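Taking it in order: structure first as structure tokens, then the write-up.
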Amino acid sequence: MLMQRHLTRPSLADVMVREGIVPRRTVDQVVARLGGSTTALGQTLVEEGTISEAQLAQALAAQYGLPYDALTGFRVDSEFYHTISVKLMRRHPFVPVKDEAGALTIAISDPQNLLALDELEILLNRPLHYVVSSRSAIQSALERSEGSSQALRELEAEYRSVLVKEDERGEEVLTVDHFGEDQSPVVKLLDTIMLSAMQRRASDIHIEATDRATTVKFRVDGILVSAMDPLDVKLHPPLVSRLKVMSDLDIAERRVPQDGSFRMRLDRKTVDFRVSILPSVFGESVVIRILDREAITTGVSTLRLDRLGFNPEDLKRFRRAITRPYGMVLVTGPTGSGKTTTLYAAISEMNIQEDKLITIEDPVEYQLPGVVQIPVNEKKGLTFARGLRSILRHDPDKIMVGEIRDAETAQIAIQSALTGHLVLTTVHANNVFDVIGRFASMGIDSYNFLAALTCVLAQRLIRVICPDCRHQVVLDQALAEESGLDYDEFKSAPFYEGKGCSECHDTGYRGRKCITEFLDLTDEIKEMILADRALSEIRYRAVTDGMITLRQSAVKKVLAGETTLREINRVTFSEER
């Protein structure tokens, strides 16, 4: 629908009152605060939380006689990227919706900006029809679409052209002096890679050199996926050099590992990045860990244990353990199994108004209000053990130790638990029973350790089936046997998989949940451990008492339609099958 430009159009205030979006009294009060001007009325109401962005878009559509489209699940047709620049879509912003009868229909957020719409019509060089949507809906539609990949291809092509031109003149590809320039192509390429990683919810970016190319991969939901087509190997040195400059590392040193960090403002928020650089055969290998503190802190502040995927039995027992006044609560699992997230979810459920809660971590990745958090600084002599001693003189009620790595830290943590403090901590072990051997290998006295220990929670993270492409499948007999399931018993049960779609980047999975194994250290279990009873006997006693193993927890997730047999076979160890 072409937008009608006439002088008798109703005001936005009148439209919102007529449509029942905002009472007249509220509108009059806001207009009075704005000095009688209605130019910023809609945006002010949104910023104050009186109306939503979607309600403002609906009012603007009614004011200008245009259709409203919420763009729910909308994705831009890939054909449009051949003729319309992604940069242009993001700058205005708008998304092309359909092309018919020679006219292009686009979704816009601000039909009041007639100059911008005229500019668009000139740039696109064709008649335009308009529908109205909210700005965030348009940006979400761009993120769901192939816009990020297209922008990467555009920037890569731009960078290649600069590279070739400079090579022909015999100059260096890029020198340190170029890095401060806003228009430097390597800066734009690296920034776009990092922005794309954040949009895809990646936890890490891997940049690796091979003999002929540079590969960029993202770790999404614990799995490495290709981020883009391989780059020319000539791109590798300037990308690494740019990262070294940003991380304040030695740009001339290429033969030893280096670690650093930097902070950037991307997509209207500040994000921290930790950089690890290792020398390899074909050049330096880079891993960038993304720490989106704002998103993490927002998520953790509203995070509760029941959102992590705990089965109801383990959730009930773990909550009971963290409400005890003293003792040691131990969370175990390999690196990247979500141990820290579980501890922060536990802290968020505690009453930190009445209790003093102090943490010591390496590093402090999540910043929480009401909690005293101490970062380990080994260069300055602040180790876990030294920090923990100081914490005990700071009148704490509850203590969180990021990780127990050595006997000294373990000994102090145990003494803290025995002298009236609740200690939450983590240790690397494969299952709840390996923890006993882990502490024994540190030379810790078993009697004191077991006296302090309240419970052990072992966990893993498994990928969840994408809800947008989830579909029912027939159980494969070979897969059932490989998974240790009785095919005849389960062949009629519903099983699900993901087909792969743009929402999950064709993986069939989106997001992760934890599977758990919770061991409550009852007096009987402690006595069996102290008596050096066989591990199989202790495990049998624990299962008899109601312990659900990691494998059983994983199978429950499969039967509930949340994940797949292939995924749990990947995550759980063979001895647990």
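Going from the sequence shown to my numbering is simple: count from 1 and add 15.
Backbone N, C-alpha and C fix where the C-beta goes; we use that ideal spot for every residue, glycine too.
Remember, predicted model here, so these are calculated numbers, not experimental data.
Same chain, Cβ closer than 6 Å to residue i, neighbours up to 5 away in sequence not counted
{"i": "Gly576", "result": "Tyr511"}
{"i": "Asp226", "result": "Phe297"}
{"i": "Ala361", "result": "Ile337"}
{"i": "Leu494", "result": "Leu580"}
{"i": "Leu433", "result": "Ala467"}
{"i": "Asp483", "result": "Cys516 and Glu518"}
{"i": "Asn463", "result": "Ile429"}
Residue i in three-state terms, based on DSSP
{"i": "Val586", "result": "helix"}
{"i": "Glu268", "result": "coil"}
{"i": "Gln430", "result": "helix"}
{"i": "Lys514", "result": "coil"}
{"i": "Val570", "result": "helix"}
{"i": "Ile540", "result": "helix"}
{"i": "Glu532", "result": "strand"}
{"i": "Leu250", "result": "helix"}
{"i": "Ile36", "result": "coil"}
{"i": "Leu403", "result": "helix"}
{"i": "Gln368", "result": "coil"}
{"i": "Pro390", "result": "strand"}
{"i": "Leu239", "result": "strand"}
{"i": "Arg527", "result": "strand"}
{"i": "Tyr381", "result": "coil"}
{"i": "Ile477", "result": "strand"}
{"i": "Leu49", "result": "coil"}
{"i": "Arg216", "result": "coil"}
{"i": "Arg304", "result": "strand"}
{"i": "Leu397", "result": "strand"}
{"i": "Gln70", "result": "helix"}
{"i": "Tyr174", "result": "With a pLDDT of 43 at Tyr174, under the threshold of 50, the predicted position of this residue should be treated as unreliable, though the coordinate-derived value follows. Note: Tyr174 maps to helix in three-state DSSP."}
{"i": "His107", "result": "coil"}
Residue i, buried or exposed, once every other Cβ within 10 Å from all chains shown has been counted against 16
{"i": "Leu545", "result": "exposed"}
{"i": "Asp192", "result": "Caution is warranted here: a pLDDT of 36 is assigned to Asp192, below 50, making its placement in the model unreliable, and the coordinate value is therefore given only provisionally. With fewer than 16 other Cβ atoms within 10 Å, it is exposed."}
{"i": "Arg141", "result": "exposed"}
{"i": "Arg332", "result": "buried"}
{"i": "Gly57", "result": "buried"}
{"i": "Tyr381", "result": "buried"}
{"i": "Ile137", "result": "exposed"}
{"i": "Leu132", "result": "buried"}
{"i": "Asp535", "result": "buried"}
{"i": "Lys395", "result": "exposed"}
{"i": "Glu497", "result": "exposed"}
{"i": "Gly351", "result": "exposed"}
{"i": "Lys646", "result": "Residue numbering for the chain in the displayed model covers 16 to 592; residue 646 lies beyond these limits and cannot be assessed."}
{"i": "Lys354", "result": "buried"}
{"i": "Ala118", "result": "exposed"}
DSSP beta-bridge partners of residue i
{"i": "Phe464", "result": "Beta-bridge pairing links Phe464 to no other residue."}
{"i": "Leu157", "result": "According to DSSP, which records beta bridges pairwise, Leu157 is partnered with nothing at all."}
{"i": "Met415", "result": "Thr374 and Leu439"}
{"i": "Glu223", "result": "Thr230"}
{"i": "Tyr555", "result": "Per DSSP, none; premise fails for Tyr555."}
{"i": "Met343", "result": "Val438 and Leu468"}
{"i": "Gly275", "result": "Val290"}
{"i": "Thr120", "result": "Lys113 and His144"}
{"i": "Cys484", "result": "Partner(s): none; Cys484 has no beta bridge."}
{"i": "Glu299", "result": "Pro294"}
{"i": "Tyr83", "result": "Val147"}
Inter-residue CB distance, residue i and residue j (contact presumed, cutoff 8 Å)
{"i": "Val471", "j": "Thr347", "result": "6 Å"}
{"i": "Val45", "j": "Leu60", "result": "6 Å"}
{"i": "Leu476", "j": "Cys529", "result": "6 Å"}
{"i": "His436", "j": "Tyr341", "result": "6 Å"}
{"i": "Leu304", "j": "Ser431", "result": "Here residue 304 is Arg; the residue named in the question, Leu, does not match the sequence. In fact, because the Cβ distance is near 30 Å, the residues do not count as touching under 8 Å."}
{"i": "Ala508", "j": "Leu574", "result": "6 Å"}
{"i": "Arg527", "j": "Ile540", "result": "So it is not a contact: roughly 30 Å between Cβ atoms."}
{"i": "Val231", "j": "Arg215", "result": "Going by Cβ atoms, the distance from Val231 to Arg215 rounds to 12 Å, so no, they are not a contact pair."}
{"i": "Val32", "j": "Arg39", "result": "5 Å"}
Residue i beta carbon near the ligand ATP (any heavy atom closer than 8 Å)
{"i": "Arg525", "result": "Only the bare structure without any ligand can be found here, which leaves the ligand ATP out of the picture."}
Residue-chain proximity (residue i, chain C), Cβ-Cβ < 9 Å
{"i": "Gly324", "result": "Absence of chain C from the displayed structure is noted, only one protein chain being present."}
Residues near residue i by beta carbon distance below 8 Å, same chain, minus five either side
{"i": "Ala400", "result": "Asp421, Glu423, Thr424 and Ile427"}
{"i": "Ser26", "result": "Thr53 and Gln78"}
{"i": "Val271", "result": "Pro294"}
{"i": "Val146", "result": "Met16, Ala76, Leu81, Pro82, Tyr83, Asp84, Val112, Thr120, Ile121, Ala122 and Ile123"}
{"i": "Arg278", "result": "Thr285, Val286, Asp287 and Phe288"}
Neighbourhood of residue i by C-beta distance below 7 Å, restricted to the same chain and skipping five residues each side
{"i": "Arg485", "result": "Tyr511 and Gly513"}
{"i": "Arg319", "result": "Ala360, Ser363 and Glu364"}
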